[in-house]
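One structure is given below, encoded as structure tokens.
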Amino acid sequence: MYDLLLKNGRVIDPAQGFNAIADVAVDGERIAIVAAGIDPAGARRVIDVKGRTVTPGLIDPHVHVYEGFTRLGIHPDLVGVQAGVTALADAGSCGPYTYHGFPVQVLPNIATDLFVFINIARVGLAVNPEIESERDIDLDAAIQVVSENRGVVKGVKARMVSPALNIMGMEMPRMALRVARETGTRAMFHIGHRVGNYSADFIRELLPLLTPGDIITHIYCDHVGGVLDPNRKLIPEARDALARGVFMDVGFGQTHFGFDAARRIIDQGVVAHSISSDITGVGRRTTVHSFVEMMTRFLALGFSLEEVVAMSTVNAARVLGIEATHGSLAAGRLADISVLDVRDGDWTVADTEGASMKTGKAVVPVLTVKGGAVISPEWGPRPWGWTPNPQPE
Ligand SMILES: [Zn+2]
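To convert, take the position in the sequence shown, counting from 1, and add 765; that gives this note's numbering.
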């Protein structure tokens, strides 16, 4: 007897190369089987998801959910299971001195899976800018917190911004890389800065230092320190890093995504592995709105639904190094499932630079299954719910 049966959905599981109308059966907290025509009499609870898209639980690998500990934080479940997303990674909200609120206060009280990249700065984004002098980094503490919390902490985050780069130069990112290397984890680098007054050459020095598994976030940002040179040509170091196995992540945020930059960078060969939201409390209200709206933006950019689902599941799991446990509907996996409505309409999605695109498809969360438990998404970030603006902005 199955505990839950999701019947008749379009099941897309890029991890297994699966894309077909099928049923998903759940046994306790695990996936039992994905197959067509499973007898509903053999399940305690049957949900008909005909016309819906069923995917592995969506994964957002760059968010800010240290609510109450940083001013920009938002509740993890609000942008997690209540938004169709089953796993998140907080990217640098805490530093080694402020990490411990996660295991003590946050993790025991949420339904969403949450991983952490600690900031190289000792108090993380409790203050901004987080690095105003070399004293704002405690390398030994960073190494200790990462090594003692390997289940939750997936690596270290550093922001390639002013004034840290003006004060410390490449010594700052080198310290982040040292934490990653000494702990066997990975380093995530924020690139680009709207108000940066530092040399754009830092990015060209940084990229050759990265090794497979390290992550660049804000890859489609349109500011100084991004991967486009002044002639809007891709810097060769970016293509080399991609070829070496460095992950490229989107990190939309409040100022980090231009459709024009994205188009140019994609056309020059750098397709992001994952399409993180970099969502914050204010970002949910003003720019990002939701992870599903990130999916809608990438449909607008011309990616297929299957490609967008791959970016949002198996690829995001690889970026976080959790692909052995997350990002697939394979039998025996934890039953983390997203049921989505890919709605037809006349939508407009915006970037953070004042440009917008039209699209005929919008992704809306319908149901979240987390470890076998069925959760209904909340209303959504807009007065009318989850879809983008119905009219051109
Ligand atoms: Zn961020």
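Just so you know, even glycine gets a beta-carbon here, dropped at the ideal spot from N, CA and C.
{"Query": "Taking DSSP as the reference, what is the three-state secondary structure of V911?", "Result": "helix"}
{"Query": "Note down, in chain order, each residue of its chain lying with its Cβ closer than 6 Å to the Cβ of G978, except the 5 sequence neighbours on either side.", "Result": "R951"}
{"Query": "Say yes only if the C-beta of G1150 is nearer than 7 Å to one or more non-hydrogen atoms of ligand 1, and no if none qualify.", "Result": "no"}
{"Query": "Flag this pair as yes or no: are the beta carbons of T1078 and A780 separated by less than 8 Å?", "Result": "yes"}
{"Query": "Would you call the stretch 840-851 in contact with the stretch 1066-1073, where contact means no fewer than 3 C-beta pairs closer than 8 Å?", "Result": "no"}
{"Query": "Please report how far the alpha carbon of K1136 lies from the alpha carbon of L993, in whole angstroms.", "Result": "Checking the displayed sequence, the identity of residue 1136 turns out to be Gly instead of Lys. Looking at the two C-alpha atoms, the distance is approximately 42 Å."}
{"Query": "Might you give, ordered along the chain, the residues of its own chain that have their beta carbon closer than 8 Å to the beta carbon of E970, omitting 5 neighbours on each side?", "Result": "M935"}
{"Query": "Which of helix, strand or coil does DSSP assign to F1068?", "Result": "coil"}
{"Query": "Tell me the rounded alpha-carbon separation between F783 and A1075.", "Result": "11 Å"}
{"Query": "Within 10 angstroms of its Cβ, does W1151 collect 16 or more other Cβ (buried), or is it exposed?", "Result": "buried"}
{"Query": "Any heavy atom of ligand 2 closer than 7 Å to the beta-carbon of R924?", "Result": "Ligand 2 is absent from the structure shown, which contains only ligand 1."}
{"Query": "Taking the Cβ atom as the reference point for each residue, do P861 and I883 lie within a distance shorter than 8 Å?", "Result": "yes"}
{"Query": "Compare the beta carbon distance of S917 and L872 with 8 Å and say whether it is the shorter of the two.", "Result": "Contrary to the premise, residue 917 reads as Val rather than Ser in this sequence. Yes, the Cβ-Cβ distance between V917 and L872 is below 8 Å."}
{"Query": "So, at 8 Å on beta carbons, what are the nonlocal neighbours of V1047 in its own chain, with the 5 sequence-adjacent residues on each side left out?", "Result": "L837, Q1019"}
{"Query": "Taking 7 Å as the cut-off, is the beta-carbon of D905 closer than that to any non-hydrogen atom of ligand 1?", "Result": "no"}
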